[in-house]
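If you count by this note's numbering, then the sequence shown holds residues 4 to 269, one letter each, in order.
Just so it is clear, CB atoms sit at the ideal spot from N, CA and C, and this is done for glycine as well.
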Amino acid sequence: NYHEIPVIKLSGIIGQTSMLKSGINISNLNSVIEKAFSFKKVQAISLLINSPGGSPAQSSFIASKIRSLANEKNVKVYAFVEDVAASGGYWLACAADEIYIDNNSIVGSIGVISPSFGFVQLIKKLGIERRIFTSGKSKSFLDPFKSLKNEDIKRLKNIQEQIHQNFINHVKKSRLNKIKSKDKEIFNGLFWVGEKAVKLGLADGIGHIEDILKKKYGKKTKIKIIDQKKSFLQKRFSTKTNGNILDINQLFEVLEEKAHWSKFGL
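So, in structure tokens, the structure goes:
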């Protein structure tokens with residue numbers, strides 16, 4: 004029998020969106036996810052993932068939406084990892100019933116990170132005086148123009164630990180008895196490649212999307228990628244970017260995205 008299996012592409016930084024690109028967030032993906040699950044006689048949905056992570060909240064929103072519809076419609080979900088499914092990218096992969104990777108795919112990084120910059124010395128050199136007025140003792144929490152406070156660091160660590168535990172709970176619920184290692188080895192922020200990730204239970208096997216789906220649903224199986232639609236502004240600004248016209252905000256976006264990927268050697 005002929006089967007057409009919808010594929011949702013989850014590629015890029017999670018939560019990052021701008022006039023230049025759609026990004027991975029629930030606002031942009033909500034209609035895409037609903038469209039994928041609305042296919043007539045749909046038997047399975049596939050997620051094609053290539054993400055180094057990003058927003059934990061957006062990761063949770065997207066994964067919850069996928070699981071909710073999968074349970075409602077009794078549809079299997081398969082995740083296929085390209086280069087990376089790390090941190091929030093792995094959170095998304097765990098929305099699937101089964102996860103497949105390439106021999107060279109990187110998966111894991113089950114942890115929480117909060118990168119930032121400090122400009123205290125810079126503004127001193129420039130002779131700039133920082134003025135900030137708040138009503139609330141902690142309103143200027145982690146102000147990059149002020150020296151770090153121990154109490155701010157403790158508060159941030161507490162927040163990170165709560166989110167990290169939510170991440171661990173999500174992975175354990177998804178992978179059930181598949182994880183084959185102790186918590187301290189799997190959930191400490193490390194990541195693994197290919198067969199090692201499969202042996203640890205982070206993925207179900209090595210395989211590519213068309214090969215795996217044809218084995219499961221027959222040789223006549225076809226995949227149908229459900230794309231996000233670009234807005235007028237995204238089309239307009241992406242054209243300008245191709246012409247190498249970037250303002251300072253767009254430059255910072257590019258650098259931030261590069262920092263996310265470079266952690267994994269990409």
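Exclusion of the five residues before and after Lys79 leaves Ala47, Asp100 as the residues of its chain whose Cβ lies within less than 6 Å of its Cβ. Here Ser49 carries a strand assignment [DSSP, helix/strand/coil].
Within the model, the alpha-carbon separation for Cys97 versus Ala82 is close to 8 Å. If one requires a minimum length of 4 residues, the alpha helix (DSSP H) runs lying completely within the segment 179-224 are 186-189, 197-203, 212-220, in chain order. Each residue's CA atom was taken as its position, placing Asn107 and Lys38 some 31 Å apart. Excluding its 5 nearest sequence neighbours in each direction, Asn53 has C-beta neighbours in its own chain below 7 Å: Ser14, Glu85, Asp86, Val87, listed in chain order. Of the candidates Lys68, Ile166, Lys222, the residue whose Cα lies closest to the Cα of Phe40 is Lys68. Assignment of Pro9 by DSSP, reduced to helix, strand and coil, places it in the strand class.
With fewer than 16 other CB atoms across the displayed protein chains lying within 10 angstroms of its CB, Leu179 is exposed.
Taking Glu198 as reference, the option from Gly111, Lys219, Ile166, Ile228 with the minimal CA-CA separation is Gly111. Residue environment for Leu193: exposed (fewer than 16 other C-beta atoms within 10 angstroms of its C-beta).
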